[in-house]
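Enquirer: Following numbering that gives the first Met the number 0, the numbering of the sequence shown begins with 0 at its first residue and continues without gaps.
Pasting a structure below so you can have a look.
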Amino acid sequence: MKENQPDTEKGQINFVTLEDFRGYIRESLEAKVRTLGIEFVQNLLEEEIDALCGPKGSHKRKQGLAHRGGSERGWVVLNNQRVAIRRPRARNDAGEIPLDRYEALQSMDNLGDFVSRMMLHGISTRAYDQVIDKFDNDLGLSKSTVSREFIKASRTALNELNSRRFEDELFWAIVMDGTEFGGSTLIVALGVDITGKKHVLGVSEGATENSELCLSLLRNLQDRNIQFTDKLLAVVDGSKALRKSLTDSFGDRVEIQRCLIHKRGNVESKLDKMHHAELKRRMDQAFNENRFEFAEKSFQNTIKWLEAINLTAAHSLEEGMPDLLTLHRIGMPPELRKSFYTTNLIESAFSPVKERSRRVKKWNHRTDQVLRWSSTLLLYQETKFRKVRGVKHIQDFLMKFVPEKENSLAREIAV
């Protein structure tokens, strides 16, 4: 005798997951809130009509009041979305009377913030019609409206990013890197203040990474009177343009650390792939030495090893060795070095920026589109920044690194 089994041909047993249930509750609550919101709006408008025309059936037109003129299709803004309603009308002998509450409820002052958040989460204008909740297809915000609002919001972000003065911060480290974004080269400057917080200081755009582009960004920081300690650290990717612009701007105040990963990549490009793993092991071992003289000796041994394999690779590492050892030479603690031996502070910030902008199909290089998008996304990422690793060692390090006349200022701001 066959056991009773569910007939899978006619139907299946559906199991509701906890997430499905939560989604159902959330959608039900949102629908209820929207319904109540629309009812509340209709009541507000009816109150205004009563004030203009008197209660229904009172026939007080002879007292100088207006009269009801029926209703028509209209819309108001609820939760940054246009929602269809029935708009009551009032008239007098001069014609239609505008409803103050109706005009106020149509305000889209916060629409730019809403659209900006939507774009930041990777929703392109092309996908807008599929993701926004609309009560009436004919009243949903158009792609052109979304684009206009985002242009306004992102231009505000660009202006903010390149004009902030950071009056309450004192910076002791700056990381600068060039990256490809939207078909352009962007130079980004990120600062670390004496409490370990990271801030995007500025961004500039050009066709290539050249010294004038880098220098213009640094001049902008100076024009904004951004404060740096009397001695500061700069971390760069090895670009000669970046190095020159930093020394031109800060002179002998700046100590420059070259990105270890960029330099290793340069050396690897001159080697057969079979040697890459050994090169990484040797360079990591050298950098992990705590004392300067031990790290220097380890790098020299690596150069000798390379000379037996590829002289060009050996010369490349030898050329960059002084700047690879800056953190050791200035006595930075190992716990703090982990944050400053590469330009990863910028690269990790820019990775989500590139990911979120991947839906942009075409960049307009005749406008400020690249700068607007990058600035908006970088400011968004900045809200998620954590302090640098080894933050508890910053103050002790600065007491040794920064000249004595600056130490009292550093302590005062850190308190």
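The beta carbon of each residue, even a glycine, is placed where N, CA and C say it ideally should be.
Fair warning: this is a prediction, and the values are worked out from it, not measured in the lab.
Going residue by residue through the region 323-387, where are the continuous beta strand (DSSP E) segments of at least 3 residues, counting only ones entirely within it?
Expert: Taking only runs of at least 3 residues, no beta strand (DSSP E) segment lies wholly in the region 323-387.
Enquirer: Using only the alpha-carbon positions, how far apart do R163 and L189 sit?
Expert: By one-based count along the sequence shown, residue 163 stands at place 164. By one-based count along the sequence shown, residue 189 stands at place 190. Answer to the nearest angstrom: the Cα atoms are 13 Å apart.
Enquirer: Is R67 closer than 8 Å to I48 when the C-beta atoms are compared?
Expert: Here residue 48 refers to the residue found at position 49 when the sequence shown is read from its first residue. Here residue 67 refers to the residue found at position 68 when the sequence shown is read from its first residue. Yes, Cβ-Cβ distance for I48 and R67 is below 8 Å.
Enquirer: To the nearest angstrom, how far is it from the Cα of I260 to the Cα of Q105?
Expert: One-based indexing of the sequence shown puts residue 260 at position 261. One-based indexing of the sequence shown puts residue 105 at position 106. About 54 Å.
Enquirer: For Q221 and S248, what's the separation of their Cα atoms in angstroms?
Expert: Within the sequence shown, residue 221 is the residue found at index 222, counting from 1. Within the sequence shown, residue 248 is the residue found at index 249, counting from 1. So the two alpha carbons sit approximately 9 Å from each other.
Enquirer: Contact between the region 378-392 and the region 347-355 is defined here as three or more beta-carbon pairs at a separation below 8 Å; is this criterion met?
Expert: Counting Cβ pairs under 8 Å, three or more are found: they touch.
Enquirer: Using a Cβ distance threshold of 8 Å, determine whether the region 222-230 contacts the region 293-312, with at least three qualifying pairs required.
Expert: With a cut-off of 8 Å, the region 293-312 and the region 222-230 do not count as touching, because too few Cβ pairs lie within range.
Enquirer: Going by DSSP in three states, F165 sits in which element: helix, strand or coil?
Expert: For the purposes of this step, residue 165 is identified with residue 166 of the sequence shown, where counting begins at 1. Reduced to three states, the DSSP call for F165 is coil.
Enquirer: Leaving out five residues before and five after L422 in sequence, what residues of the same chain have Cβ atoms less than 6 Å from its Cβ?
Expert: The structure shown does not extend to residue 422, since the chain is modelled only from 0 to 414, so the question has no answer here.
Enquirer: On the DSSP bridge assignment, give the partners of N91 in chain order.
Expert: For this step, residue 91 is matched to residue 92 along the sequence shown. In the DSSP output, where bridge partners are listed per residue, N91 has G94.
Enquirer: Write down the C-beta distance between G264 and K337 rounded to the nearest angstrom, noting that I regard them as a contact closer than 8 Å.
Expert: In the sequence shown, residue 264 corresponds to position 265, counting from 1. In the sequence shown, residue 337 corresponds to position 338, counting from 1. So it is not a contact: roughly 19 Å between Cβ atoms.
Enquirer: Rounded to the nearest angstrom, how far is the Cβ of T184 from that of G205, given a contact under 8 Å?
Expert: For the purposes of this step, residue 184 is taken as the residue at position 185 of the sequence shown. For the purposes of this step, residue 205 is taken as the residue at position 206 of the sequence shown. Rounded, the Cβ-Cβ distance is 5 Å, consistent with contact.
Enquirer: For the alpha helix (DSSP H) containing K296, list its first residue and its last residue.
Expert: To locate residue 296, count along the sequence shown from 1; it is residue 297. Start and end: F291 to E306.
Enquirer: Start and end of the beta strand (DSSP E) containing Q284?
Expert: Within the sequence shown, numbered from 1, the residue matching residue 284 stands at position 285. Counting along the chain, Q284 falls outside any beta strand (DSSP E), though it belongs to the alpha helix (DSSP H) covering H275 to F286.
Enquirer: So L64 packs on G53, CB below 8 Å; how close in whole Å?
Expert: Mapped onto the sequence shown, residue 64 falls at position 65. Mapped onto the sequence shown, residue 53 falls at position 54. Yes, they are in contact, since the Cβ atoms of L64 and G53 sit about 5 Å apart, within 8 Å.
Enquirer: For the pair the region 307-318 and the region 234-249, tell me if three or more CB-CB distances fall below 8 Å.
Expert: No, the region 307-318 is not in contact with the region 234-249.
Enquirer: State the DSSP-derived secondary structure class of V40, mapped to helix, strand or coil.
Expert: What you label residue 40 is simply residue 41 of the sequence shown in a count that begins at 1. It is helical.
Enquirer: May I ask you to report which of helix, strand or coil DSSP gives K239?
Expert: Locating residue 239 in the sequence shown gives position 240, counting from the first residue. Correct three-state label for K239: helix.
Enquirer: Could you have a look at Q394 and say whether DSSP puts it in helix, strand or coil?
Expert: Working through the sequence shown from its first residue, we reach residue 394 at position 395. Q394: helix per DSSP, three-state reduction.
Enquirer: Helix, strand or coil, according to DSSP, for V202 in the structure here?
Expert: Reading the sequence shown from its first residue, position 203 is the one you call residue 202. Strand.
Enquirer: When you compare the region 153-160 with the region 364-379, are there three or more beta-carbon pairs, one atom per stretch, that lie closer than 8 Å?
Expert: These segments touch.
Enquirer: Under DSSP, the alpha helix (DSSP H) around D222 begins and ends at which residues?
Expert: Looking up residue 222 in the sequence shown gives position 223. D222 -> alpha helix (DSSP H) spans S210 to D222.
Enquirer: Are there any heavy atoms of the ligand FAD lying less than 7 Å away from the beta-carbon of D367, as far as the coordinates show?
Expert: Among the ligands in the structure shown, none appear at all, so the ligand FAD cannot be discussed.
Enquirer: Given 8 Å as the limit, is there contact between the region 299-309 and the region 264-274, that is, 3 or more CB pairs closer than that?
Expert: Yes, they touch.
Enquirer: Taking a contact to mean a Cβ-Cβ separation below 8 Å, would you say G181 touches V401 in this structure?
Expert: Within the sequence shown, numbered from 1, the residue matching residue 181 stands at position 182. Within the sequence shown, numbered from 1, the residue matching residue 401 stands at position 402. It is not a contact, given that the beta carbons lie outside the stated cut-off.
Enquirer: Could you name the residues that DSSP lists as bridge partners for W74?
Expert: Here residue 74 refers to the residue found at position 75 of the sequence shown. Its beta-bridge partners are A83.
Enquirer: Here's the rule: buried if 16 or more other CB atoms are within 10 angstroms of the residue's CB, otherwise exposed. What is K391?
Expert: On the sequence shown, position 392 is the one that residue 391 refers to. By the 10 Å Cβ count, K391 comes out exposed.
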